[in-house]
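Trainee: Quick one: the structure is below, and I'll ask about it shortly.
Residue numbers (our numbering), protein chains in the order written: chain L, 1 to 489; chain X, 1001 to 1095.
So, in structure tokens, the structure goes:
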């Protein structure tokens, strides 16, 4: 059952091939037996899941089941879940049990999904390898000595290892697309404002966006139709109707104009990754698409601009963690200042502290214009690059990341080496555009991701193109060797 | 450029993060590396370019002035480190 897609599980539940309780027991058993190998799931909600599955079976029997009724899913541990610990991968929130659900969590509950638990992640979503999690790193199911990517590495590894057919995730600078690429699955970061951020713990509020991870584009379409909504509780939520993303998947892509930015095939790109991406583009041409050489001249400035804007916003957002109202508090504080400083010194890990310090520096008196003001102007230049490109093309494609999954610890001591992992993904967050990654090849026995960037609110077209690619190729059906042995049946 | 030890101490105070004395030089070295990265921005010609704060150029929505949330004080205080009589407790501020 764990090799079925969400679309197949929905059909199987409706045709009574299996019940939601059977399905839920199956995935819970897989998590119990296999998760120790991956460390992808950090909280399992077995009791609630089985109760939800039993309720789903009743609705399925009664014939009034909503779209995802009875389908097991996992939530990234950044989404608040009423009564279930929401740690955000941090010691700071290790004891935090929210008294409310995020809008995304409510949407999945409304549509009848069964939540198996919460997935591991880089602390406060700051990282590209899952090595910053308080709960230890997630291991890549394709190569257990390699990272799964981050920050949504737990969601990506769980889906790749068939611990769940789909999982929610978030993307601030590549945190859906890069782990999807490294774990050989599909994931989409929607247009900024498409998915509600309410109850999604904030990292950089003008960049953060939730989205789905699953094995196929078709499953991402099903999940995004549930996940996306207009939400009055999120002031940046966009009031536009949510299309039925599944209904346009089968449109032919003949005549589709694909922009290929030369800056995304530059020095530093692994030759094997480049070859796989070029082959994928050739496969799309065979389906009737047309390649157009384009330039995004300010691409090289996206990482520097991001490492001003994201830490600046993070330093403000994370000021709420002060040991007063919830979360960690240090032992025996001498006075209020000591409580703030030690709570944050002990509760935040090194990468989170570094970003708060950078953000504070860039926002300090005397530096604001040189850093934050300048970065916001560069952000405008980056958006203008995309606007010019989308006047000529329908979608933009290139690699999701520069190389396949790397070994734990291999980025060394310099944080910038890790930051450059997101060199191809960050620009879309700065512009607020939707981006997607789908598997398109293998290098060194590890998956390669093809990135698809769309125009604002063009998720339906991106999913359509990705689905058509997956109709003609088999990369999304490959499974890591580690899950083919010893898997609970 | 080279960030000074005293600057790290000032940033730590502004950020309300206690940094172990012994790690300050490591913190400074890594911050320097990041600041060198972001200094690449200075080479960009941004003459006449407006700052972009938000991808959608959104404006702040206003909601109707009516009660929308119920009082959840008990639920919210149940997860606090220290409360008494409905108040959040912190170390003594005024002697």
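For glycine and all other residues, C-beta sits at the position ideal for the given N, C-alpha and C.
Could you give the C-beta distance for residue 154 of chain L and residue 40 of chain L, rounded to a whole number, given that I count them as a contact under 8 Å?
Mentor: Confirmed, Cβ separation roughly 5 Å.
Trainee: How would you list, in chain order, the residues of chain L whose beta-carbon sits under 8 Å from the beta-carbon of residue 1031 of chain X?
Mentor: Ordered by position in chain L, the residues that pass the 8 Å Cβ test against residue 1031 of chain X are 354, 357, 358 and 361.
Trainee: So, is the C-beta of residue 1050 of chain X closer than 8 Å to a C-beta in chain L?
Mentor: At least one chain L Cβ lies under 8 Å of residue 1050 of chain X.
Trainee: When the Cα of residue 286 of chain L is compared with those of L:79, L:19, L:101 and L:465, which residue comes out closest?
Mentor: Of the listed residues, the one whose Cα sits closest to residue 286 of chain L is L:465.
Trainee: Ignore the nearest five residues each way along the sequence and tell me which others in residue 18 of chain L's own chain have a CB closer than 7 Å to its CB.
Mentor: Result list for residue 18 of chain L: 1 and 12, in chain order.
Trainee: Quick one: does residue 381 of chain L have its CB under 8 Å from some CB of chain X?
Mentor: It does; some Cβ of chain X falls within 8 Å.
Trainee: With the cut-off set at 8 Å, would you say residue 156 of chain L and residue 185 of chain L are in Cβ contact?
Mentor: Taking 8 Å as the Cβ cut-off, residue 156 of chain L and residue 185 of chain L qualify as a contacting pair.
Trainee: Does the beta-carbon of residue 1087 of chain X have 16 or more other beta-carbons within 10 angstroms, so that it is buried, or is it exposed?
Mentor: Under this definition residue 1087 of chain X is an exposed residue.
Trainee: At a CB distance below 9 Å, what residues from the segment 1009-1021 of chain X approach chain L? Give them in sequence order.
Mentor: Within the segment 1009-1021 of chain X, the residues whose Cβ lies closer than 9 Å to some Cβ of chain L are 1010, 1011, 1012, 1013, 1014, 1015, 1016, 1017, 1018, 1019 and 1020, listed in chain order.
Trainee: Anything in chain X within Cβ reach of residue 339 of chain L, meaning under 9 Å, just list it in chain order.
Mentor: By Cβ distance, chain X contributes 1090 and 1091.
Trainee: Taking 8 Å as the CB-CB cut-off, is residue 89 of chain L touching chain X?
Mentor: So no, residue 89 of chain L is outside the interface.
Trainee: So, helix, strand or coil for residue 1090 of chain X, using DSSP?
Mentor: Note: residue 1090 of chain X maps to coil in three-state DSSP.
Trainee: Just the chain X side, please: which residues come within less than 7 Å of residue 193 of chain L by C-beta, in chain order?
Mentor: Those are 1056, listed as they occur along chain X.
Trainee: For residue 263 of chain L, which residues from the same chain have a beta carbon less than 6 Å from its beta carbon, with the 5 sequence-adjacent residues on both sides left out?
Mentor: Hits under 6 Å: 296 and 299.
Trainee: For residue 195 of chain L, count the other beta carbons within 10 Å of its own beta carbon; 16 or more makes it buried, fewer makes it exposed. Which is it?
Mentor: Flag for residue 195 of chain L reads buried.
Trainee: Could you name the residues of the same chain whose beta carbon sits closer than 6 Å to that of residue 85 of chain L, not counting the 5 residues immediately before and after it, in chain order?
Mentor: Counting only Cβ-Cβ distances below 6 Å, and skipping sequence neighbours, we find 43 and 97.
Trainee: Only counting the same chain, and skipping five residues up and downstream in sequence, which positions put a Cβ closer than 6 Å to that of residue 113 of chain L?
Mentor: 68, 71 and 73.
Trainee: Could you please give me the residues that DSSP links to residue 169 of chain L through a beta bridge?
Mentor: Answer is L:211, bridged to residue 169 of chain L.
Trainee: Could you give the distance in angstroms between the alpha-carbon of residue 452 of chain L and the alpha-carbon of residue 259 of chain L?
Mentor: Going from the Cα of residue 452 of chain L to the Cα of residue 259 of chain L covers about 10 Å.
Trainee: Under 8 Å between C-beta atoms, does residue 206 of chain L make it to chain X?
Mentor: Yes, its Cβ sits closer than 8 Å to a Cβ of chain X.
Trainee: So, using beta-carbon positions, are residue 470 of chain L and residue 216 of chain L closer together than 8 Å?
Mentor: Result yes, Cβ atoms of residue 470 of chain L and residue 216 of chain L sit closer than 8 Å.
Trainee: Output the distance between the C-alpha atoms of residue 102 of chain L and residue 222 of chain L, rounded to the nearest integer angstrom.
Mentor: Taking the straight line from one Cα to the other gives about 19 Å.
Trainee: Have a look at L:213, L:170 and L:162 and flag the residue whose alpha-carbon is nearest the alpha-carbon of residue 480 of chain L.
Mentor: The shortest Cα separation from residue 480 of chain L among L:213, L:170 and L:162 belongs to L:162.
Trainee: For the segment 107-124 of chain L against the segment 288-295 of chain L, are there 3 or more C-beta pairs whose distance is under 8 Å?
Mentor: Contact between the segment 107-124 of chain L and the segment 288-295 of chain L is absent, because fewer than three Cβ pairs lie under 8 Å.
Trainee: By alpha-carbon positions, which one of L:473, L:421 and L:343 ends up nearest to residue 276 of chain L?
Mentor: Selected option, being the one with the closest Cα: L:473.
Trainee: Specify the secondary structure class of residue 488 of chain L as computed by DSSP and reduced to three states.
Mentor: Note that residue 488 of chain L scores 39 on pLDDT, short of 50, meaning its location in the model is unreliable; the coordinates nonetheless yield the value given after this. Three-state DSSP puts residue 488 of chain L in coil, outside helix and strand.
Trainee: List the residues of chain L whose Cβ lies closer than 8 Å to the Cβ of residue 1067 of chain X, in chain order.
Mentor: The premise fails here: residue 1067 of chain X is roughly 14 Å from chain L at the closest Cβ pair, so nothing lies under 8 Å.
Trainee: Residue 170 of chain L and residue 208 of chain L: beta carbons closer than 8 Å?
Mentor: Yes. Within cutoff.
Trainee: Can you give me the Cβ contacts of residue 486 of chain L inside the same chain, cut-off strictly under 7 Å, excluding the 5 residues immediately before and after it?
Mentor: With a pLDDT of 45 at residue 486 of chain L, under the threshold of 50, the predicted position of this residue should be treated as unreliable, and no value is reported.
Trainee: Would you give the residue range spanned by the beta strand (DSSP E) that residue 28 of chain L belongs to?
Mentor: Element bounds for residue 28 of chain L: not the beta strand (DSSP E) but the alpha helix (DSSP H), 20-38.
Trainee: Given a cut-off of 8 Å on the beta-carbon distance, is the pair residue 425 of chain L and residue 435 of chain L in contact?
Mentor: Yes, Cβ-Cβ distance for residue 425 of chain L and residue 435 of chain L is below 8 Å.
Trainee: Show which residues of chain X have a CB atom less than 7 Å away from the CB atom of residue 333 of chain L.
Mentor: 1091, listed in chain order.
Trainee: Would residue 421 of chain L count as contacting chain X if we go by Cβ distances under 8 Å?
Mentor: It does not; no Cβ of chain X falls within 8 Å.
Trainee: DSSP on residue 157 of chain L, reduced to helix/strand/coil?
Mentor: Residue state, collapsed to three classes: helix.
Trainee: Counting only the same chain and skipping the five closest in sequence on each side, list residues whose C-beta sits under 6 Å from that of residue 201 of chain L.
Mentor: Cβ neighbours of residue 201 of chain L beyond the five flanking positions: 78 and 88.
Trainee: State buried or exposed for residue 489 of chain L, treating a residue as buried only when at least 16 other CB atoms are found within 10 Å of its CB.
Mentor: The pLDDT assigned to residue 489 of chain L is 38, lower than 50, so where the model puts this residue is not dependable, and the model offers no usable value.
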